[in-house]
Amino acid sequence: MYHNTIKNALIKDAWRITDDPYILAIGKRDLFVDLGAEKLISAERGNKKIAVEVKSFTSSSRVNDLEKALVKYVLY
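The opening position of the sequence shown corresponds to residue 1 in this note's numbering, with each subsequent residue numbered one higher.
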């Protein structure tokens with residue numbers, strides 16, 4: 001629902017989207033994070049990298065939505 005909005009906000013803030021989605025390989029399993037991005041800090045310091053998971057709390061149970069989001073956070 002908000003994927004493109006978040007992606008555009010990162011780009012406007014000088015982040016370069018490197019992966020859409022960003023794949024985390026854990027053993028024989030792959031986990032899919034919504035976006036991977038990097039930002040050049042300075043030539044001497046290198047790049048700053050982030051993984052961004054976009055969540056919407058739109059179901060009838062916000063507690064269930066929060067639980068799902070927290071599980072993904074802990075898993076990553």
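Glycine is no exception: its CB is placed at the ideal position from the N, C-alpha and C atoms.
Counted within 10 angstroms of its Cβ, other Cβ atoms place residue i as buried (16 or more) or exposed
i, result
"L35", "buried"
"V63", "exposed"
Inter-residue Cα distance where the pair is residue i and residue j
i, j, result
"L40", "G46", "6 Å"
"T58", "D65", "8 Å"
"Y22", "E67", "22 Å"
"K48", "D13", "13 Å"
"S61", "V74", "20 Å"
"A51", "D30", "15 Å"
"M1", "D20", "15 Å"
"L24", "F32", "6 Å"
Beta-carbon gap between residue i and residue j smaller than 8 Å
i, j, result
"V71", "H3", "no"
Of the residues the options, the one placed nearest residue i, counting alpha carbons only
i, options, result
"I17", "A37, S61, S56, K48", "A37"
"I6", "G27, I26, S56", "S56"
Per DSSP, the bridge partner or partners of residue i
i, result
"A51", "G36"
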